[in-house]
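Novice:
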Amino acid sequence: MGFTLYAKRIKLSRHKMDHGHGLLNGLAEKLEYCENRPAFLNLGNRWMSVLTIIEYSREQNQAWSPWTLGSLRKIKIISFIFGLIVTVLIMASYILTRDQKGLFLTPSPYHLTVISHPAQLTLNLNITTDYTAVREIVRSIVARVDFRRRIVPKLRELREKETQMFSAIPRKFLPYLKNPCWYEEFLENVSADPYGKNLYALYSKRFQAIYDHLRRAFPAHLHQYAGSHYRLRCLPFFYIIGQPKCGTTDLYDRLRLHPEVHFTTMKEPHWWTRKRFGIIRLSNGFHNPYPLKDYLDLFDQAANQIQDQLMNISYKSHKKVDIIIGEASASTMWDNNAWIYFYNNGTGVEPPFLVQDFIHAVQPDARFIVMLRDPVERLYSDYLYFGMANKSVEDFHVRVSESLEMFEACLTESSIRSCIYNTTLNNLMPVRLQVGLYVIYLLDWLGVFSREQILILRLEDHAANRKNTMRSVFDFLQLGPLTRQKEADITKSPASNTRRPANRNLGPMLPITKEILQDFYRPFNQHLAQVLRDPAFLWT
2 MGFTLYAKRI
12 KLSRHKMDHG
22 HGLLNGLAEK
32 LEYCENRPAF
42 LNLGNRWMSV
52 LTIIEYSREQ
62 NQAWSPWTLG
72 SLRKIKIISF
82 IFGLIVTVLI
92 MASYILTRDQ
102 KGLFLTPSPY
112 HLTVISHPAQ
122 LTLNLNITTD
132 YTAVREIVRS
142 IVARVDFRRR
152 IVPKLRELRE
162 KETQMFSAIP
172 RKFLPYLKNP
182 CWYEEFLENV
192 SADPYGKNLY
202 ALYSKRFQAI
212 YDHLRRAFPA
222 HLHQYAGSHY
232 RLRCLPFFYI
242 IGQPKCGTTD
252 LYDRLRLHPE
262 VHFTTMKEPH
272 WWTRKRFGII
282 RLSNGFHNPY
292 PLKDYLDLFD
302 QAANQIQDQL
312 MNISYKSHKK
322 VDIIIGEASA
332 STMWDNNAWI
342 YFYNNGTGVE
352 PPFLVQDFIH
362 AVQPDARFIV
372 MLRDPVERLY
382 SDYLYFGMAN
392 KSVEDFHVRV
402 SESLEMFEAC
412 LTESSIRSCI
422 YNTTLNNLMP
432 VRLQVGLYVI
442 YLLDWLGVFS
452 REQILILRLE
462 DHAANRKNTM
472 RSVFDFLQLG
482 PLTRQKEADI
492 TKSPASNTRR
502 PANRNLGPML
512 PITKEILQDF
522 YRPFNQHLAQ
532 VLRDPAFLWT
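Written out as structure tokens, the structure reads:
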């Protein structure tokens, strides 16, 4: 489902018209996101959609009547049409040259939009009609919510889509290791640089020193057998998969202190959700996809330690190496925005494949940790975290209202799952409402993994008693006992990635915004509490 089907439903507020961070003023830039989507190649439909939006905004302005707004509208429409013409020309040039590296994706609005100073905002929060309209939108959304399970694809279909992945990862791993590892034949010259073409090293200067160390250690960790050389390859034993602004960084920092736990050379590789498709940053468009080899290289430092420990253990002892590897990309649970470009089955409704389908296919015994928090507070923290200018509680309220309008418009034509995974909608909404719809994502993960493989925590509980939370994590990962001093080092260190002082000075969100968001998230929280059989996830 593209933006065309629900664009007619967008209700443009006075604030959007005056300050240019609403749909109409930003559409010329945001339509560039769809350059690689099949739907965008239908220029007739796109022009009809654009004209519908313009006509709808014209009717809104006539209802308002002020002469100044009418003049401003004409200027904006002329500017918009000019921008659209330029966009079409750029798209035509792209199609002719087939240069996908220049494809532009609409970035998160957190990184682009520069809004007016809060004092200039025209939204009147004292007018009950504004509040009533948004409440009506929320009621409309809640009335359309359903929790039907998705159809899980067959293994054969997954193998056909990602042949290289399945040819590189074996079906069985080494039995004497706790972590999933295997020996891979090294076909290059032993003196060659195994990390010279690694794209993570290319784009992450901070980790070049680590790769320098790995280069020097590489020859000593090659295993010789029958005249061939083999290297130990590993995947993570567990993943911290979400959600953003829910305490995943703090959990990661504490787990790193456990002697049996090792992580990738970077906290969030985002390989499963972004890098394997060639997405580095949304604002940069598509680049060369990161091959599986580059992702596996991130685990080599831990693999070397596993191999060193393995060499010190007698095979007759039948003792397992207890080192495990973790990966902590907070996008893994929810981000499937690339599906429309690579896995579109022609229906354009819901993604036929999700990230967890592929992880389960290669790692059916993997474990996952999810950290959640009150979705209302998560959304506000998400808004404050990203570096936009002139943040304010009023601006947050406006962005929430706009996002709810867009989400409600999508639901008039599509299912809740279709809208949550709608790539265009996700990149148009000024705030990431969809990330807080935890139960939809969790149900999709429980469709392929058992409940016992997923540990679900609350940030509120973690903040209140870190010792209990970390013990739950240690038990879940089957880690060995710690000394009292080591446990104190892990649990008593200061919290990581807390709110910046400048953001704290903004204070809490407006009460009216909080009430609207509580109404929006309530049915999802209720079903989440029902699925988990824990009323704490109601966040009441």
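So the mapping is simple: the numbering used here equals the position in the sequence shown, first residue as 1, plus 1. Cβ coordinates follow ideal geometry from the N, Cα and C atoms, glycine included.
(1) With a floor of 4 residues, list each alpha helix (DSSP H) that falls wholly inside the region 432–503, ordered by position along the chain.
(2) Only counting the same chain, and skipping five residues up and downstream in sequence, which positions put a Cβ closer than 8 Å to that of THR492?
(3) With DSSP collapsed to three states, give me the class of CYS235.
(4) Kindly indicate the opening and closing residues of the beta strand (DSSP E) around VAL371.
(5) Sort ALA362, LYS294 and LYS198 by Cα distance to LEU159 and report the nearest one.
(6) To the nearest angstrom, report how far apart VAL322 and ASN305 are at their CA atoms.
(7) Rounded to whole angstroms, what's the CA-CA distance from GLN454 to VAL474? Just pull it up for me.
(8) Classify TRP340 as helix, strand or coil using the three-state DSSP reduction.
(9) Look at the alpha carbon of ILE314 and the alpha carbon of ILE242, and state the distance between them as a whole number of angstroms.
(10) Indicate whether LEU268 and ASP383 have their beta-carbon atoms separated by less than 9 Å.
(11) Does DSSP classify CYS411 as helix, strand or coil?
(12) Let me confirm a value: ASP100 is counted as buried when at least 16 other C-beta atoms fall within 10 Å, else exposed. Which label applies?
(13) Just to confirm the assignment, what range does the beta strand (DSSP E) spanning TYR226 have?
(14) Write down the C-beta distance between ARG151 and GLY448 rounded to the nearest angstrom, noting that I regard them as a contact closer than 8 Å.
(15) Comparing C-alpha positions only, which one of CYS420, PRO431 and GLU409 sits nearest to PHE397?
(16) Can you look up PHE354 in the DSSP assignment and give me helix, strand or coil?
(17) Please report the distance separating the alpha-carbon of GLN225 from that of ASP251.
(18) What did DSSP end up calling LEU178 once you bin it into helix, strand or coil?
(19) Please return the same chain residues whose Cβ sits closer than 6 Å to the Cβ of ASP375, not counting the five positions on each side in sequence.
(20) Check for me: the beta strand (DSSP E) holding HIS263 runs from which residue to which?
(21) Let's see if you can read the secondary structure: which residues bound the beta strand (DSSP E) around ILE325?
(22) Have a look at TYR201, ASP309, LYS173 and GLU163 and flag the residue whose alpha-carbon is nearest the alpha-carbon of ALA218.
(23) Mapping the DSSP letters down to three states, classify VAL322 as helix, strand or coil.
(24) Span of the alpha helix (DSSP H) holding ALA530?
(25) In the structure shown, what three-state DSSP assignment does TYR386 receive?
(26) Relative to the C-alpha of SER497, which candidate in THR514, GLN479, HIS463 and HIS528 has its C-alpha closest?
(27) With 16 other CB atoms within 10 Å as the buried threshold, where does VAL191 fall?
(28) DSSP beta-bridge partners for ILE417?
(29) Hey, how far is the Cα of ALA410 from the Cα of SER404?
(30) Pairing CB atoms from the region 186–202 with CB atoms from the region 283–298, are three or more of them under 8 Å?
(31) Where does the unbroken alpha helix (DSSP H) through THR274 begin, and where does it stop?
(32) So, for ASP147: in the same chain, excluding its five sequence neighbours on each side, which residues have a beta-carbon less than 8 Å away from its beta-carbon?
(33) With a cut-off of 8 Å, do at least 3 Cβ pairs link the region 259–273 to the region 325–332?
(34) With DSSP as the reference, label TYR201 as helix, strand or coil.
(35) Whole angstroms are fine: how far does the CA of TYR212 sit from the CA of PRO220?
(36) State the Cα-Cα distance for the pair ILE307 and LEU444, rounded to the nearest angstrom.
Specialist: Result, derived from the coordinates:
(1) 439–447, 460–465, 467–477 and 485–492
(2) Within its own chain, the residues whose Cβ lies closer than 8 Å to the Cβ of THR492, once the five positions on either side in sequence are excluded, are ARG255, ARG467, LYS468 and MET471, listed in chain order.
(3) strand
(4) 368–373
(5) ALA362
(6) 12 Å
(7) 12 Å
(8) helix
(9) 33 Å
(10) With the sequence shown as reference, residue 268 is identified as Lys, and Leu is not the correct amino acid for it. Cβ distance not < 9 Å, so LYS268 and ASP383 don't count as in contact.
(11) helix
(12) Caution applies to ASP100, whose pLDDT of 36 falls short of 50 and renders its modelled position unreliable; the model cannot decide the point.
(13) 224–226
(14) 6 Å
(15) PRO431
(16) coil
(17) 41 Å
(18) strand
(19) TRP540
(20) 262–264
(21) Here the beta strand (DSSP E) through ILE325 covers 325–328.
(22) ASP309
(23) strand
(24) 512–533
(25) helix
(26) HIS463
(27) exposed
(28) DSSP lists no partner for ILE417.
(29) 10 Å
(30) yes
(31) Here THR274 belongs to no alpha helix (DSSP H), and DSSP marks it neither H nor E.
(32) SER416 and ILE417
(33) yes
(34) helix
(35) PRO220 and TYR212: Cα-Cα distance of roughly 14 Å.
(36) 34 Å
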